[in-house]
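Each remark here refers to the structure printed beneath this line.
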Amino acid sequence: MRILVVNVNTTQSMTDSIAAQARAAAAPGTEIVGLTPKFGAESCEGNFESYLAAIAVMDVVLSYPEPFDAVIQAGYGEHGREGLQELLDVPVVDITEAAASTAMFLGYKYSVVTTLDRAVPLIEDRLKLAGLEARCASVRASGMAVLELEEEPERAVQAIVDQAEKAVNDDKAEVIVLGCGGMAGLDDQVRARTGVPVVDGVAAAVTIAESLVRMGLSTSKVRTYAAPRPKKVIGWPMSAQPVSS
739 MRILVVNVNT TQSMTDSIAA QARAAAAPGT EIVGLTPKFG AESCEGNFES
789 YLAAIAVMDV VLSYPEPFDA VIQAGYGEHG REGLQELLDV PVVDITEAAA
839 STAMFLGYKY SVVTTLDRAV PLIEDRLKLA GLEARCASVR ASGMAVLELE
889 EEPERAVQAI VDQAEKAVND DKAEVIVLGC GGMAGLDDQV RARTGVPVVD
939 GVAAAVTIAE SLVRMGLSTS KVRTYAAPRP KKVIGWPMSA QPVSS
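Those letters in the sequence shown? Residues 739 to 983, per the numbering used here, in order.
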């Protein structure tokens with residue numbers, strides 16, 4: 739089984755850390771391929787960068803030359819998952835939905851701890867769109883920019899832990915979700931400090947994607963995520979043309 743794990747930003751070191759976390763969660767026999775978009779922002783922290791990333795992620799996936807069995811979009815709260823589902827005949831799993839749905843198996847309410855405060859509305863909107871907001875106690879910002887997660891790891895962990903503890907104590911969350919692909923691998927440290935289950939979206943998405951492939955399931959194509967209708971597309975900015983049927 740081959741799973742493409744696509745970073746939403748253009749920072750290769752972050753792709754590498756996300757792929758490493760995915761490999762640690764994958765079952766024996768699952769090949770994880772980390773992909774970095776060919777264009778876009780070095781980090782995604784707002785709507786402009788998120789919409790740009792949606793195009794870039796579709797581009798890098800459509801350009802991948804080998805067969806694959808599933809795709810993971812490794813950006814928390816980012817746009818684009820629906821476009822991938824229209825374009826592909828294999829399962830597409832977004833870490834936002836994977837983490838939140840997994841958290842609901844582990845406790846009554848979950849809280850998301852993310853990066854900057856400006857990302858909070860985007861995450862809230864994605865959870866609402868996915869029907870996962872009813873059991874979300876809160877979405878809290880650590881105040882750390884995406885790139886600072888790598889540049890200042892000790893301060894990042896402390897900032898995330900501080901907000902996770904507030905989510906548990908003040909918001910009555912019973913599970914913490916790490917709300918950024920760049921937080922991959924921090925779950926053990928946050929769990930040790932808070933005493934509650936901590937869900938990393940990359941690990942959750944890998945497990946879900948593997949299960950869907952093993953069950954022979956993929957996206958329904960009868961209506962919402964049917965392949966794009968054949969039509970003239972002007973100024974198509976991507977490397978590969980979408981497949982229409």
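By construction, the Cβ of each residue, glycine as well, lies at the ideal position given by its N, Cα and C atoms.
Give a yes or no on contact between the stretch 891–911 and the stretch 929–944, applying the rule of three or more CB pairs nearer than 8 Å. By the C-beta criterion, the stretch 891–911 is judged to be in contact with the stretch 929–944, since at least 3 inter-stretch pairs fall below 8 Å.
Top-ranked residue by Cα proximity to R729, from G869, L825, C782: Since the first residue of the chain shown is 739 and the last is 983, residue 729 is not available in this structure.
One question on the structure: do R864 and Y848 come within less than 8 Å of each other, judged by their Cβ atoms? Not closer than 8 Å, so no.
Could you check which residue in A942, Y802, Q759, E783 has the C-alpha nearest to that of M842? When only C-alpha atoms are compared, the closest one is A942.
If you draw a straight line from the C-alpha of Y963 to the C-alpha of V831, how long is it? So the alpha carbons of these two residues sit roughly 14 Å apart.
Does the separation of the CB atoms of S781 and N745 fall below 8 Å? Cβ atoms of S781 and N745: not closer than 8 Å.
CB-CB length for V895 against L924, believed under 8 Å: The pair is a contact, with the Cβ atoms about 6 Å apart (cut-off 8 Å).
Which first and last residues belong to the beta strand (DSSP E) in which R878 is found? It spans 874–879 - the beta strand (DSSP E) in which R878 sits, taken as one unbroken run.
Measure the alpha-carbon distance for A879 versus K970 and round it to whole angstroms. Within the model, the alpha-carbon separation for A879 versus K970 is close to 42 Å.
Same chain only: Cβ atoms within 7 Å of T945, ignoring 5 sequence neighbours per side: Within the same chain, and ignoring the five residues on either side of T945 in sequence, the residues whose Cβ sits closer than 7 Å to its Cβ are A763.
Quick one: measure Cβ to Cβ for A792 and G818, integer angstroms, because I've assumed they're closer than 8 Å. Confirmed, about 3 Å.
Taking DSSP as the reference, what is the three-state secondary structure of D807? It is coil, neither helix nor strand.
Skipping 5 residues on each side, what residues in its chain have a beta carbon closer than 8 Å to that of V718? Nothing can be reported for residue 718: it is not among the residues displayed for the chain, which extend from 739 to 983.
Report the start-end ranges of each alpha helix (DSSP H) in the stretch 812–861 that is 4 residues or longer and not cut off at the edges. Counting only unbroken stretches of 4 or more residues, the alpha helix (DSSP H) elements lying wholly within the stretch 812–861 are 819–825, 833–841, in sequence order.
Counterpart residues of R740 in DSSP-defined beta bridges: Under the DSSP definition of a beta bridge, R740 partners with E769.
8 Å Cβ cutoff met for V928 and A837: Result no, Cβ atoms of V928 and A837 do not sit closer than 8 Å.
State yes or no: is the C-beta of G815 within less than 8 Å of the C-beta of A868? In this structure, A868 does not lie closer than 8 Å to G815 by Cβ.
Beta strand (DSSP E) runs wholly inside the stretch 906–978, at least 3 long, in chain order: Taking only runs of at least 3 residues, the beta strand (DSSP E) segments lying wholly in the stretch 906–978 are 913–916, 936–938.
Taking the alpha-carbon positions, what's the V850 to V884 distance? Taking the straight line from one Cα to the other gives about 15 Å.
Name the DSSP bridge partner or partners of N747? DSSP lists no partner for N747.
For K776, which three-state DSSP category applies? Note: K776 maps to coil in three-state DSSP.
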